[in-house]
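Those protein sequences? They're chains A and B, same order as listed. When the letters of the first sequence are read in order and numbered with the UniProt record's numbering, they come out as residues 1 to 391. When the letters of the second sequence are read in order and numbered with the UniProt record's numbering, they come out as residues 1 to 391. Structure record follows, encoded as structure tokens.
Protein chains: 2
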Amino acid sequence: MTSRPQSAEDSVGIVEQCTVRLFEGERPLVLASGAVLAEVDVAYETYGTLNDTRDNAIFICHALTGDAHAAGLHRDDDHRPGWWDTMIGPGKPIDTDRFFVIADNLLGGCQGTTGPASTDPATGRPYGLDFPLLQIADFVTVHRALLAHLGVEQLLSVVGGSMGGMQALQWALSFPEQVGSAVIIAASSRLNAQNIAFSAVARESIMRDPGFAGGRYLEVGTSPDTGLSIARMMAHITYQSEAGMNQKFGRRFQFGEDARRGFGVDFAVESYLDHQGRVFLSRFDALSYLYLTRVMDYFDPFADDDAAAALAEVGSPCLVLSFDSDWRFDTSHSRAIVRELERQRVPVSFREIRSPWGHDSFLLTIDDYHRTVAAFLRRVAEERPAKETRR
Amino acid sequence: MTSRPQSAEDSVGIVEQCTVRLFEGERPLVLASGAVLAEVDVAYETYGTLNDTRDNAIFICHALTGDAHAAGLHRDDDHRPGWWDTMIGPGKPIDTDRFFVIADNLLGGCQGTTGPASTDPATGRPYGLDFPLLQIADFVTVHRALLAHLGVEQLLSVVGGSMGGMQALQWALSFPEQVGSAVIIAASSRLNAQNIAFSAVARESIMRDPGFAGGRYLEVGTSPDTGLSIARMMAHITYQSEAGMNQKFGRRFQFGEDARRGFGVDFAVESYLDHQGRVFLSRFDALSYLYLTRVMDYFDPFADDDAAAALAEVGSPCLVLSFDSDWRFDTSHSRAIVRELERQRVPVSFREIRSPWGHDSFLLTIDDYHRTVAAFLRRVAEERPAKETRR
């Protein structure tokens with residue numbers, strides 16, 4: 001496992017973000033719960049070129065705090081590329097020289113797609129907690145509407161890590177004829193009590209912040225910065241492994257050799273957490289944090305015994321990957337997905353990747369990981385015509 | 001491993017808590033840092049009877065949120081016995097029919113012993129953040145002063161779990177001639193980055209609560225209830241194992257078969273955390289939480305290479321115990337203590353106890369655990385005279 005430095009040469013270069021209104025007027029978004037959203041805008045980006053046969057599209061589903069900017073730069077002087085620039089680009093595992101890659105911002109998010117901080121057209125005010133609860137299936141509905149807008153009917157693959165993997169799984173289960181394959185990375189089909197507990201405390205931290213103002217903070221001009229920072233800091237501990245944190249921070253002090261001794265930042269790991277908590281405020285909305293974490297808690301696709309029957313019939317292959325040091329969604333979560341898929345004879349490959357970096361590994365350049373994804377996508381691309389015929 | 005129900009018959013019965021001023025006037029408490037506390041009161045309890053040779057005393061050191069009420073009941077209608085009533089009592093591993101047991105509330109605590117919420121005699125106001133930073137060595141200083149007050153010179157053993165184990169270790173290292181043996185349970189001699197991180201986020205949660213008021217909340221009449229609750233909820237996740245939480249809560253809903261779906265309590269584990277966060281407020285002080293967690297972060301006794309030289313010379317045996325599902329202070333922490341003690345030829349026994357209950361295991365009735373502690377204490381009690389002679 002190595003960590004390659006980013007360079008401009010192996011990037012997709014300057015990319016543009018688009019926003020499209022996918023639901024409105026006569027065609028509102030009807031959620032799985034039956035609730036209705038009158039208007040839904042979706043932010044998205046694409047990389048690479050759709051081929052003439054329109055069968056080289058790969059859809060990227062992002063995790064809890066991701067966005068539509070998965071690869072490339074928005075401007076020449078961007079100091080950071082998209083969140084999955086390690087994975088997506090020319091010659092990279094999701095190879096933009098061969099594939100047409102689509103990434104959007106999730107429904108309920110806060111980076112261009114309609115979410116609880118958006119204005120409710122019925123009231124002219126932000127939705128706040130009046131925004132309806134979402135399900136992973138709703139994300140898939142919106143992704144599919146974006147695909148239709150782009151004139152893409154079939155996907156070569158749908159790929160996602162963490163909550164992105166949940167979407168890839170749900171999409172493959174619900175619309176297998178559309179999904180040529182699915183790559184489900186560091187995900188879970190069923191959070192356990194500890195997973196739910198961490199999210200529950202994060203949400204309480206946000207909702208109990210006086211600045212949350214019952215979810216009306218945008219109107220009253222406050223913001224639950226403390227609650228959201230604490231939630232993010234806690235989450236960052238769970239995204240890393242104990243060994244990884246020891247390697248990165250150990251007991252090193254932030255300001256020289258010696259301890260300052262006090263309640264301010266002193267250990268390097270405290271400085272890291274403080275920084276992560278602060279920068280998160282500028283890019284994420286507290287209500288989105290509530291809505292998107294709660295989606296995961298309730299996700300349980302295999303509660304329906306026949307959930308994978310349609311997928312098994314179509315035979316779209318799935319690749320399930322976990323990381324051995326990930327304890328937020330450890331390998332047992334991935335094995336449970338594999339077990340359910342195999343039980344219904346879905347063709348599924350599984351690999352536990354060695355990496356010391358915990359849950360965050362799915363965002364990093366880990367050779368074995370990238371090779372495995374690249375090989376899987378190469379295989380499904382090559383086998384595509386045969387599969388089409390078989391149908 | 002079993003969990004026996006509590007019964008009044010095997011308890012030490014009704015116990016009384018005492019408070020004594022151990023430092024004042026001409027004899028203030030001089031801390032390891034050089035800082036001085038003019039007055040220190042200490043709350044303590046004792047169980048069993050000191051024998052004529054005054055050599056059957058065992059000192060109990062409590063963990064982060066413990067207190068002097070380690071065993072028995074304060075009143076007939078007490079619905080809960082002391083925090084270590086499973087361990088301490090007639091016929092129990094720390095057998096009050098044989099041993100004289102002493103437990104106190106820690107310096108910096110909030111249950112009868114002087115702490116940051118106490119009144120600073122110099123100002124007539126609560127110390128707040130003017131209370132000096134503490135070290136584990138300071139706890140030992142106060143424990144020793146209490147011993148002197150009780151007319152006890154020698155301890156048969158000093159016993160503690162988690163931060164209590166840190167005190168037992170420090171006491172044995174610093175004053176081995178006083179400590180006949182030490183039982184160090186689920187402890188650490190050196191927190192790692194993840195350990196520090198969890199405490200750091202807990203402290204930030206408290207300090208960023210507007211009710212904290214820069215540590216002056218007692219004077220201004222606010223209280224950082226949100227911050228302290230969040231800290232406690234997060235801590236409770238880390239005190240339990242993933243498997244233990246699955247066993248206790250799984251994905252069970254709190255209110256019947258079905259999900260309520262929303263942001264309130266819905267899963268049973270959410271109800272549990274909410275309850276733990278709430279009840280903690282009535283018994284714990286936010287400033288104490290800051291001071292006592294910070295003590296652990298800086299604890300690093302083996303930074304001094306010869307830390308165990310004196311203990312090795314005296315030859316007081318140590319028992320180090322860990323629990324296989326404890327991930328807050330996992331077995332590697334205990335092994336590190338054992339390695340350091342063995343390196344300097346301190347007689348040390350080590351056992352990793354099987355238990356699914358994580359860090360909390362040290363508070364529970366686990367047969368193998370209790371048998372091991374009981375056998376160790378029996379052995380040191382029997383070998384005591386021989387050892388005295390050898391000196």
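From the three backbone atoms N, C-alpha and C, an ideal C-beta is built for every residue, glycine too.
Between which residues of its own chain and residue i is the CB-CB distance below 6 Å, once the five residues before and five after are set aside?
i, result
"proline 93 of chain B", "Met87, His370, Val373 and Ala374"
"leucine 73 of chain B", "Ile14 and Pro81"
"lysine 387 of chain B", "Note that lysine 387 of chain B scores a pLDDT of 42, beneath 50, so its modelled location is shaky and nothing firm can be said."
"aspartate 97 of chain A", "Pro90"
"arginine 216 of chain A", "Gly128"
"leucine 29 of chain B", "Phe23, Leu37 and Val40"
Looking at the C-beta of residue i, does it have a partner C-beta in chain E at a distance below 8 Å?
i, result
"arginine 251 of chain A", "This model lacks chain E altogether, as its protein chains are A and B."
Residue i CB to nearest chain B CB: under 8 Å?
i, result
"phenylalanine 362 of chain A", "no"
"threonine 226 of chain A", "yes"
"methionine 87 of chain A", "no"
"proline 356 of chain A", "no"
"serine 334 of chain A", "no"
"arginine 391 of chain A", "Low per-residue confidence applies at arginine 391 of chain A: pLDDT is 39, beneath 50, and the placement is therefore not dependable enough to give any value."
"isoleucine 14 of chain A", "no"
"glutamine 6 of chain A", "Note that glutamine 6 of chain A scores 49 on pLDDT, short of 50, meaning its location in the model is unreliable and no value can be drawn from it."
"phenylalanine 323 of chain A", "no"
"arginine 203 of chain A", "yes"
"proline 210 of chain A", "yes"
"isoleucine 337 of chain A", "no"
"phenylalanine 198 of chain A", "yes"
"methionine 245 of chain A", "yes"
So, at 7 Å on beta carbons, what are the nonlocal neighbours of residue i in its own chain, with the 5 sequence-adjacent residues on each side left out?
i, result
"proline 301 of chain B", "Leu169, Gln170, Leu173, Ser189 and Ala307"
"tyrosine 121 of chain A", "The residue asked about is misnamed: residue 121 of chain A is proline in this sequence, not tyrosine. If we look at proline 121 of chain A and ignore the five residues flanking it on each side, its Cβ neighbours are Ala38 and Glu39."
"arginine 351 of chain A", "Leu321 and Thr372"
Considering just the uninterrupted stretch of the alpha helix (DSSP H) at residue i, what are its terminal residues?
i, result
"tyrosine 47 of chain A", "It is not in any alpha helix (DSSP H) - tyrosine 47 of chain A instead sits in the beta strand (DSSP E) that spans 40–47."
"aspartate 138 of chain A", "136–150"
"glycine 277 of chain A", "268–281"
"tyrosine 235 of chain B", "According to the sequence displayed, residue 235 of chain B carries alanine and not tyrosine. Residues 225–239."
"phenylalanine 198 of chain B", "193–207"
"isoleucine 366 of chain B", "No alpha helix (DSSP H) holds isoleucine 366 of chain B; DSSP gives it neither H nor E."
"glutamine 167 of chain B", "163–174"
"histidine 297 of chain A", "It is worth fixing the name first, because residue 297 of chain A is aspartate in this sequence and not histidine. Per DSSP, aspartate 297 of chain A belongs to the alpha helix (DSSP H) from 286–298."
"alanine 336 of chain A", "331–343"
"alanine 310 of chain A", "309–314"
"arginine 218 of chain B", "In the sequence as presented, arginine is not what sits at residue 218 of chain B; that position holds leucine. Where leucine 218 of chain B is concerned, the enclosing alpha helix (DSSP H) stretches over 217–220."
If we define contact as Cβ-Cβ less than 8 Å, is residue i a contact residue for chain A?
i, result
"tyrosine 298 of chain B", "yes"
"serine 3 of chain B", "Per-residue confidence for serine 3 of chain B stands at a pLDDT of 42, beneath the threshold of 50, marking its modelled position as unreliable; the derived number appears in the next sentence. Chain A contact via Cβ: absent."
"alanine 259 of chain B", "yes"
"phenylalanine 255 of chain B", "no"
"glutamine 194 of chain B", "yes"
"valine 269 of chain B", "yes"
"methionine 207 of chain B", "yes"
"isoleucine 237 of chain B", "yes"
"arginine 294 of chain B", "yes"
"leucine 64 of chain B", "no"
Sort out for me which residues DSSP pairs residue i with in a bridge.
i, result
"isoleucine 14 of chain B", "B:Leu73"
"proline 126 of chain B", "B:Thr119"
"threonine 19 of chain A", "A:Ala43"
"isoleucine 58 of chain A", "A:Val101 and A:Ser157"
"serine 322 of chain A", "A:Glu352"
"residue 438 of chain B", "Lying outside 1 to 391, the shown extent of chain B, residue 438 of chain B is not represented and no answer is given."
"arginine 379 of chain B", "Note: arginine 379 of chain B sits in no beta bridge, so no partner."
"arginine 27 of chain A", "A:Glu24"
What residue from the options has the CA that sits closest to residue i's CA?
i, options, result
"alanine 197 of chain A", "B:Ile237, B:Tyr217 and B:Asn192", "B:Ile237"
"glycine 115 of chain A", "A:Arg378, A:Ser181, A:Thr49 and A:Asp41", "A:Asp41"
"phenylalanine 323 of chain B", "B:Asp78, B:Asn105 and B:Asp368", "B:Asp368"
"glutamine 111 of chain B", "B:Val152, B:Leu146, B:Val348 and B:Cys18", "B:Cys18"
"phenylalanine 329 of chain A", "A:Asp95, A:Ala117 and A:His359", "A:His359"
"serine 157 of chain A", "A:Asp95, A:Ser181, A:His79 and A:Met166", "A:Ser181"
"arginine 203 of chain B", "A:Leu107, A:Ile337, A:Ile230 and A:Pro210", "A:Ile230"
"cysteine 61 of chain B", "B:Ala43, B:Asp77 and B:Arg75", "B:Ala43"
If you follow the beta strand (DSSP E) that residue i is in, where does it begin and where does it stop?
i, result
"valine 183 of chain A", "182–185"
Got a sec? Which residues, its chain only, sit under 8 Å from residue i by beta carbon, not counting five neighbours each side?
i, result
"glutamate 340 of chain A", "Ser189, Phe302, Ala307 and Ala308"
"arginine 54 of chain B", "Gly151, Val152, Glu153 and Gln154"
Heavy atom of the ligand GTP less than 7 Å from the Cβ of residue i, yes or no?
i, result
"glycine 112 of chain B", "Of the ligands one can find in the structure shown there are none, so the ligand GTP has no counterpart to examine."
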